[in-house]
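The sequence shown begins at 100 in our numbering and counts up one residue at a time. All residues carry an ideal CB built from backbone N, CA and C; glycine is no exception. Here is the structure we will look at, set down as structure tokens.
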Amino acid sequence: MGKIEKIKIIRGETTEIDKQNISKIQKWSFQPFHIIDKPAKVRFDVVLEESGDGRPIISEPKPNDVYYITADELPLPIGGIVAIQKKVYYPELAKRAGIEGRVFVKAYINEEGNVVKAEVIKSAHEVLDSAALNAVLKTKFKPGIQNGKKIKTQVSIPIVFKLN
């Protein structure tokens with residue numbers, strides 16, 4: 100049986116409700132995902148909502164929405180991380196305010212190497228976020244490979260903002 104290794108609350112209600120939900124989720128059992136014949140680690144988001152009678156409603160991930168976090172070959176930006184960094188437009192407001200730092204972007208990359216979705220997972224400053232997202236979204240990747248086949252993957256990419 101598959102097991103859950105890590106749970107992260109993105110947006111919770113209260114600490115007590117979050118603890119209750121985590122306790123219930125840790126008891127889940129499921130068939131593990133496989134790529135060809137090998138079990139593979141995956142990450143997916145679960146949305147818990149409350150029904151009218153107080154029971155939680157859980158939206159399950161669809162098979163087409165699964166993006167793997169491990170692969171024999173992880174996706175690589177064509178031209179390397181330097182190619183992404185060259186696409187970064189440093190916001191004028193950030194320059195004037197002397198704002199620097201790293202923005203970590205999670206990119207969802209399909210089998211063709213296209214970024215189909217991106218989200219900021221750690222922000223240095225909100226004024227830098229859209230510039231980081233735009234740079235990642237404009238980047239083409241060599242797709243992830245598992246057992247010789249192209250797969251959907253997700254990767255975290257640090258975007259550095261540094262004034263000269």
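An exposed status is given to Pro138, since fewer than 16 other beta-carbon atoms sit within 10 Å of its beta-carbon. The residues Tyr166, Val215, Lys216, Gln253, in chain order, have a CB closer than 6 Å to that of Tyr207 in the same chain once the five nearest residues on each side in sequence are set aside.
Beta-bridge analysis with DSSP links Ile124 to no other residue.
Secondary structure of Val202 (DSSP, three-state): strand.
Under the three-state reduction of DSSP, Ile116 is assigned to helix.
For the 8 Å CB-CB criterion, Lys249 and Pro242 form a contact. For Gly212, the closest alpha carbon among the candidates Ala231, Glu115, Val235, Glu104 is that of Val235. When only Cα atoms are considered, Glu115 and Ser128 end up about 23 Å apart. Excluding sequence positions up to five before and after Val259, its CB lies within less than 6 Å of the CB of Arg201, all in the same chain and listed in chain order. Look at Gly179 here: in three-state DSSP terms it is helix.
A residue is called buried once 16 or more other Cβ atoms fall within 10 Å of its Cβ, and Thr238 is buried on that count. By the neighbour-count criterion, in which 16 or more other beta carbons inside 10 Å mark a residue as buried, Val204 falls on the buried side.
A Cβ-Cβ distance of about 19 Å is found for the pair Asn209 and Lys140, leaving them out of contact under the 8 Å criterion. At a cut-off of 3 residues, the continuous stretches assigned as beta strand (DSSP E) that sit fully inside the region 227-263 are 243-245, 248-250, 252-260.
Within the model, the alpha-carbon separation for Lys107 versus Pro131 is close to 19 Å. Nearest Cα to Leu232 within the set Asp117, Lys194, Tyr188: Tyr188.
With fewer than 16 other Cβ atoms inside 10 Å of its own Cβ, Leu262 counts as exposed.
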